[in-house]
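Residue numbers (this note's numbering): 167 to 443.
Glycine is no exception: its CB is placed at the ideal position from the N, C-alpha and C atoms.
Every value quoted in this text rests on a predicted model; they were computed, and no experiment measured them.
Worksheet for the structure shown next.
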């Protein structure tokens with residue numbers, strides 16, 4: 167069954183697009199209107215509805231509305247979960263640039279997948295291509311995603327970090343690809359910079375939650391951020407030498423800077439203005 171989350175409550179274009187498929191019986195499932203703005207609110211509503219409406223499902227798979235799954239995506243993700251004995255499985259989001267001349271950006275850290283091979287992994291950072299076991303959802307919520315990440319993003323990364331900390335096994339299926347549409351706006355310098363800084367902010371916030379309750383947690387996170395900032399010029403220079411891309415070379419600098427800025431309340435809520443995202 168398919169659950170479509172519509173979190174635009176006025177035009178409801180997403181709901182209108184899939185309605186004929188459900189009404190004709192071509193696709194079993196339902197559409198949910200999430201009246202609270204923010205991607206975490208949408209995920210929470212959809213995942214909770216899955217548990218309530220489909221009590222016997224084993225796996226829940228997640229894909230975003232700007233992505234198209236390859237034909238064998240579902241089978242590959244489920245097979246990976248069984249083979250790897252993983253509770254959660256992630257897969258690559260392959261960028262498909264609106265302007266073909268932007269294809270060179272595919273290897274930039276903002277767009278490139280974190281892993282290249284199938285296997286168990288220590289962390290997954292995105293829900294854009296994800297399998298989650300029912301056992302995970304029952305243990306982790308509701309609510310599943312922290313609403314503090316609603317407009318910044320990172321609620322998925324935090325959820326996955328907490329799941330791993332709780333002992334659930336994470337895996338990666340390199341063959342289960344989804345193709346993600348990337349508008350020209352997302353290769354502009356200010357968007358890349360903002361996303362890189364945001365990744366750093368999320369890194370700090372997620373790590374703080376992970377270390378919560380341990381001695382000197384806040385100090386340890388801050389010192390790590392300062393160390394990463396100090397090391398970032400060298401790390402950036404190595405990336406620059408390897409790729410020849412100044413933007414790629416600057417990525418670790420922006421991420422480290424974002425980590426430090428998070429300590430002073432900086433939050434880049436890119437999703438609050440979707441027209442700029």
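Beyond the five residues adjoining it in sequence on each side, residue 331 comes within less than 7 Å, by CB distance, of 376 in the same chain, given in chain order.
With a minimum length of 4 residues, the unbroken runs of alpha helix (DSSP H) contained wholly in the stretch 268 to 353 fall at 300 to 306 and 321 to 331. Rounded to whole angstroms, residue 415 and residue 341 show a C-alpha spacing of 28 Å. Between residue 195 and residue 169 the beta-carbon gap is near 6 Å, inside 8 Å, which marks them as a contact. At the C-beta level, residue 199 and residue 178 come within 8 Å of one another. When DSSP states are grouped into helix, strand and coil, residue 243 belongs to the helix group.
Between the alpha carbons of residue 418 and residue 382 lies a distance of about 25 Å. For residue 256, the enclosing beta strand (DSSP E) covers residues 254 to 256. Of the other Cβ atoms in all chains shown, fewer than 16 fall within 10 Å of the Cβ of residue 202; this residue is therefore exposed.
Excluding its 5 nearest sequence neighbours in each direction, residue 231 has C-beta neighbours in its own chain below 7 Å: 180, listed in chain order. Straight-line measurement puts the Cα of residue 268 at about 14 Å from the Cα of residue 346. Taking 8 Å as the cut-off, the Cβ atoms of residue 422 and residue 384 do not count as close. Less than 8 Å separates the beta-carbon of residue 259 from that of residue 292. Within the same chain, 227, 255, 257, 297, 339 and 342 come within 7 Å of residue 243 by CB-CB distance, once the 5 residues on both sides are set aside. The beta carbons of residue 299 and residue 253 sit closer together than 8 Å. Distance from residue 334 to residue 302 at the Cβ level is roughly 5 Å; contact confirmed, criterion being Cβ atoms closer than 8 Å. Under the three-state reduction of DSSP output, residue 399 falls in the helix class.
Under the three-state reduction of DSSP output, residue 431 falls in the coil class, being neither helix nor strand.
Exclusion of the five residues before and after residue 264 leaves 349 and 350 as the residues of its chain whose Cβ lies within less than 6 Å of its Cβ. Contact between the stretch 420 to 436 and the stretch 355 to 372 is established, with three or more Cβ pairs separated by less than 8 Å.
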